Amino acid sequence: MKELCQYFNTPYIRVFGGTIIDVERSKAVDIVVENLVEMLKIAEAFNVSLVIETHDDWTNCEHIAEVVERVNSDYLHVLWDVHHPFRTAGENPVLTWDTLGKRIKYTH
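Here you go:
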């Protein structure tokens with residue numbers, strides 16, 4: 001991981017929450033948090049941050065905020081795909097920024 005990030009000169013690795021299938025949202029949040037905690041053990045050791053994208057079933061800013069708050073790591077940030085929250089959740093970009101702005105490290 002460190003070697004790839006150094007080779008490509010990037011301090012971040014993009015990750016996704018994925019699609020929620022056959023579980024309640026609360027259980028999906030638990031799963032994403034558990035997975036991120038495990039991935040962050042590696043990322044932190046190499047001084048690399050993870051950026052979770054507002055994508056798939058994780059476009060609502062409040063859902064992403066819950067995950068980020070529960071993980072509570074300086075190595076976890078948000079990649080704001082500015083189109084997805086608006087298109088899939090009808091979310092006002094001002095709300096997205098107000099909710100996630102402090103943790104956004106990248107947009108596209």
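Using UniProt numbering, the letters of the sequence shown map in sequence onto residues 1 to 108.
From the three backbone atoms N, C-alpha and C, an ideal C-beta is built for every residue, glycine too.
Small disclaimer: the values here were computed from a predicted structure and weren't measured.
Q.
I'd like the span of the beta strand (DSSP E) that includes Ser-49, first residue to last.
A. 49-53
Q) Given Asn-92, which residues of its chain have a CB within under 8 Å of its CB, disregarding the five upstream and five downstream residues? A) Phe-86
Q. Taking DSSP as the reference, what is the three-state secondary structure of Trp-97?
A. helix
**Q.** Nearest residue (CA-CA) to Ile-21, options Tyr-12, Arg-14 and Val-32
**A.** Val-32
Q) Can you tell me where the beta strand (DSSP E) with His-77 in it begins and where it stops? A) 76-80
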